[in-house]
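**Student:** Throughout the sequence shown, residue numbering follows our numbering, covering 235 to 679 in sequence.
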Amino acid sequence: MPINILSDARCRTAQAGEHHDGGGLYLDVKPSGTKSWKYRWSAPPKRPKMGLGPYPVVTLAEARVKAERCRKLVARGIDPREHKTEVRKPETLQEATSKYFALKKSGLKGEGEAGKWLSPIDNHILPKLGDRAVTELTLDDLVGAIEPIWKKDTGRKALDRISQVLVNAKARDPEVMSGVDDIKASIKSLLPHIVRTTENHPALPWEQVPELWLSLDDSVTNLGFKFYLLNLPRTSNVTKMKWSDVDWSAKIWDIPPLSMKQSKPFAAPLSTQSVAILRTAKIRFKSDRDFVFPSLTAWKKGHISENTWAKWMKSNDWKADDGRFAVPHGFRASFGTWCGDNQICPKEMQKRCIQHKVESDEDAAYLRSKLLPERLSVMQRWADYVTSLEVAASESQRKRAARLEALDLPAEPPGKDGFSRTQREVEEWLREDDVERIQTATGER
235 MPINILSDAR CRTAQAGEHH DGGGLYLDVK PSGTKSWKYR WSAPPKRPKM
285 GLGPYPVVTL AEARVKAERC RKLVARGIDP REHKTEVRKP ETLQEATSKY
335 FALKKSGLKG EGEAGKWLSP IDNHILPKLG DRAVTELTLD DLVGAIEPIW
385 KKDTGRKALD RISQVLVNAK ARDPEVMSGV DDIKASIKSL LPHIVRTTEN
435 HPALPWEQVP ELWLSLDDSV TNLGFKFYLL NLPRTSNVTK MKWSDVDWSA
485 KIWDIPPLSM KQSKPFAAPL STQSVAILRT AKIRFKSDRD FVFPSLTAWK
535 KGHISENTWA KWMKSNDWKA DDGRFAVPHG FRASFGTWCG DNQICPKEMQ
585 KRCIQHKVES DEDAAYLRSK LLPERLSVMQ RWADYVTSLE VAASESQRKR
635 AARLEALDLP AEPPGKDGFS RTQREVEEWL REDDVERIQT ATGER
């Protein structure tokens with residue numbers, strides 16, 4: 235005999251009469267409109283029944299749990315009316331999610347405090363289905379919650395994570411998604427086929443990076459941006475950087491695991507220019523929370539915001555080749571293209587320099603000592619290139635200053651009068667002599 239015939243919608247709109255859910259459970263609706271759950275079973279010569287509570291105080295899911303308990307008692311020859319106990323309230327999807335996340339979070343970055351793992355579920359699934367009993371959920375319910383966001387990558391993440399929650403719930407209660415062997419595959423099969431394309435971060439052409447560097451001043455935000463351009467980690471690595479992460483003697487920036495995408499520590503060798511920036515920051519900026527690039531206005535975080543860099547680039551019209559405004563994360567691609575176009579190093583080394591994982595966990599353990607000289611060589615060449623226009627401008631300015639200084643120095647031995655002409659006076663005399671010769675040759679005099 236079929237069971238679980240009713241639905242919440244049918245229960246809410248049920249008219250007077252008995253509405254069977256199967257297995258002895260039915261909803262009894264009186265002409266007055268009051269509704270209550272009943273369970274009827276066979277016990278010859280009678281067919282007794284017992285009440286399971288009023289609807290909707292006792293939900294459909296709860297009534298089914300009670301009815302199942304009664305069926306088990308009857309099967310053992312026990313009258314369920316003589317064996318009443320409190321029935322556990324069915325677990326909701328919200329509760330199932332919380333239980334699974336408690337198991338999951340120890341393996342997440344920062345134990346999931348940033349909320350990135352939960353956000354697709356919290357924002358798109360639980361508002362619609364969170365209060366529903368997990369044993370009541372159907373494939374259609376889940377498809378309905380995911381389909382509006384399915385075209386976005388958020389939809390893919392929501393499907394993956396809610397499937398994990400339901401598999402965990404099913405392991406505790408086989409009634410969850412009863413009859414569905416592969417929950418994720420079953421939900422996905424009912425969703426439209428989507429071809430997702432990855433959109434790269436808009437990157438400034440590497441040829442323009444020295445010009446951008448030259449346009450940055452030495453405010454705390456822009457000095458942080460300069461440090462980012464030299465080292466190209468992830469932006470939050472720089473904004474949250476602390477002095478305790480800097481190994482001055484070895485000239486290494488040890489980025490802690492919690493700041494890394496893969497939760498693995500990373501040792502970044504510091505170029506000469508990077509060390510110079512840190513020395514400047516140490517003198518100029520003070521932070522009671524140990525931040526290298528502190529912010530007095532961001533009192534909650536205590537450090538500069540990487541969002542400021544993207545806004546600055548947009549307001550100053552720095553664009554990628556495709557016309558989009560370039561963003562800080564795109565400089566990692568600028569660096570990679572520079573390496574390739576100029577044959578700086580193999581692609582694997584280029585990836586290692588900017589924290590991309592290209593080795594096994596065992597090999598990664600040797601990364602700090604084994605490849606520091608090789609990576610420093612690449613990053614120093616990059617730093618020299620990025621600062622090349624600034625160096626050229628400084629050298630030109632130095633030459634001009636030296637030239638001006640030289641103009642006021644004696645250019646010849648002292649004469650009989652004890653005086654000697656300066657370089658400036660000699661050059662002025664030569665110019666006047668040249669003018670006179672030209673005028674004589676052309677007959678202008």
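Note that the Cβ used here is the ideal one computed from N, Cα and C, for glycine as well.
Owing to the predicted nature of the structure, the values given are computational and were not obtained by experimental measurement.
Taking just the CA atoms, how far does Val-480 sit from Trp-543?
**Tutor:** Counting from 1 along the sequence shown, the entry for residue 543 is found at position 309. Counting from 1 along the sequence shown, the entry for residue 480 is found at position 246. So the alpha carbons of these two residues sit roughly 23 Å apart.
**Student:** For a quick check, are the C-beta atoms of Leu-448 and Phe-459 less than 8 Å apart?
**Tutor:** Against the sequence shown, residue 448 aligns to sequence position 214. Against the sequence shown, residue 459 aligns to sequence position 225. No; because the gap between Cβ atoms is not below 8 Å, this pair is not in contact.
**Student:** May I ask you to report which of helix, strand or coil DSSP gives Arg-468?
**Tutor:** As a first step, residue 468 must be located in the sequence shown, where it is residue number 234. Coil at Arg-468, not helix or strand.
**Student:** Assign Glu-370 to one of two classes, buried (16 or more other C-beta atoms within 10 Å of its C-beta) or exposed (fewer than that).
**Tutor:** For this step, residue 370 is matched to residue 136 along the sequence shown. When all chains shown are included, Glu-370 counts as buried.
**Student:** Provide the residue span of the alpha helix (DSSP H) that contains His-253, from first to last.
**Tutor:** The residue labelled residue 253 in the question sits at position 19 within the sequence shown. Premise fails: His-253 lies in the beta strand (DSSP E), 251-256, not in any alpha helix (DSSP H).
**Student:** Determine which residues share a DSSP beta bridge with Val-480 and list them.
**Tutor:** As a first step, residue 480 is located in the sequence shown; it is residue number 246 there, counting from the start. Partner(s): Trp-487.
**Student:** Suppose you measure from the CA of Lys-385 to the CA of Leu-240; what does that come to, to the nearest Å?
**Tutor:** Taking the first residue of the sequence shown as 1, we reach residue 385 at position 151. Taking the first residue of the sequence shown as 1, we reach residue 240 at position 6. Roughly 33 Å between the two C-alpha positions.
**Student:** Leaving aside the five residues before and after Ile-355 along the sequence, list all residues of the same chain whose C-beta is less than 8 Å from its C-beta, in chain order.
**Tutor:** In the sequence shown, residue 355 corresponds to position 121, counting from 1. Correct list, in chain order: Thr-331, Ala-392, Arg-395, Ile-396 and Val-399.
**Student:** Classify Trp-477: buried if its beta carbon has 16 or more other beta carbons within 10 angstroms, exposed otherwise.
**Tutor:** As a working mapping, residue 477 is identified with position 243 in the sequence shown. By the neighbour-count rule (16 or more Cβ atoms within 10 Å), Trp-477 is not buried but exposed.
**Student:** Can you tell me where the alpha helix (DSSP H) with Pro-503 in it begins and where it stops?
**Tutor:** Sequence index remark: in the sequence shown, residue 503 carries index 269 (1-based). That residue, Pro-503, is in no alpha helix (DSSP H); its beta strand (DSSP E) goes 500-503.
**Student:** Just to confirm the assignment, what range does the alpha helix (DSSP H) spanning Asp-262 have?
**Tutor:** Here residue 262 corresponds to residue number 28 of the sequence shown, with the count starting at 1. For Asp-262, no alpha helix (DSSP H) segment is defined; the enclosing uninterrupted segment is the beta strand (DSSP E) at 259-263.
**Student:** Taking the alpha helix (DSSP H) that Lys-516 belongs to, which residues open and close that run?
**Tutor:** The count along the sequence shown starts at 1 and reaches residue 516 at position 282. Run containing Lys-516: 506-518, per the alpha helix (DSSP H) assignment.
**Student:** Alpha carbons only, please: which of Ile-538, Phe-500 and Ala-484 is nearest the one belonging to Pro-490?
**Tutor:** Here residue 490 refers to the residue found at position 256 of the sequence shown. Proximity to Pro-490 across Ile-538, Phe-500 and Ala-484 peaks at Phe-500, based on C-alpha coordinates.
**Student:** Three-state secondary structure (DSSP) at Lys-280?
**Tutor:** Locating residue 280 in the sequence shown gives position 46, counting from the first residue. Of the three classes helix, strand and coil, the one that applies to Lys-280 here is strand, per DSSP.
**Student:** Going by the DSSP bridge assignment, what does Trp-271 pair with across the sheet?
**Tutor:** Counted from its first residue, the sequence shown places residue 271 at position 37. Per DSSP, Leu-261 and Gly-287.
**Student:** Give the straight-line distance between the Cα atoms of Pro-436 and Leu-352, rounded to the nearest whole angstrom.
**Tutor:** Stepping through the sequence shown from its first residue, residue 436 is reached at position 202. Stepping through the sequence shown from its first residue, residue 352 is reached at position 118. The alpha-carbon separation between Pro-436 and Leu-352 amounts to approximately 28 Å.
**Student:** Are the segment 546-561 and the segment 413-433 in contact at 8 Å, needing three or more beta carbon pairs?
**Tutor:** no
**Student:** Grab the span of the alpha helix (DSSP H) containing Asp-402 for me, first residue to last.
**Tutor:** Within the sequence shown, residue 402 is the residue found at index 168, counting from 1. Note on residue identity: the sequence assigns Asn, not Asp, to residue 402. That run of the alpha helix (DSSP H) goes 387-406.
**Student:** Could you pull the start and end residues of the alpha helix (DSSP H) that Phe-565 belongs to?
**Tutor:** As a working mapping, residue 565 is identified with position 331 in the sequence shown. Element bounds for Phe-565: 565-575.
**Student:** In angstroms, rounded to a whole number, what distance separates the CA positions of Val-308 and Val-299?
**Tutor:** Here residue 308 refers to the residue found at position 74 when the sequence shown is read from its first residue. Here residue 299 refers to the residue found at position 65 when the sequence shown is read from its first residue. Near 14 Å, if we compare the C-alpha coordinates of Val-299 and Val-308.
**Student:** Spatial neighbours of Leu-360 within its chain, please: CB distance less than 8 Å, with the 5 preceding and 5 following residues excluded, ordered by chain position.
**Tutor:** Along the sequence shown, read from residue 1 onward, the residue named residue 360 stands at position 126. Excluding sequence neighbours, Leu-360 sits near Leu-327, Gln-328 and Thr-331.
**Student:** Helix, strand or coil: how does DSSP classify Pro-361 here?
**Tutor:** Locating residue 361 in the sequence shown gives position 127, where the first residue counts as 1. The answer is helix: DSSP assigns Pro-361 an H, G or I state.
**Student:** Counting Cβ pairs closer than 8 Å, one from the segment 645-654 and one from the segment 613-628, do we hit at least three?
**Tutor:** no
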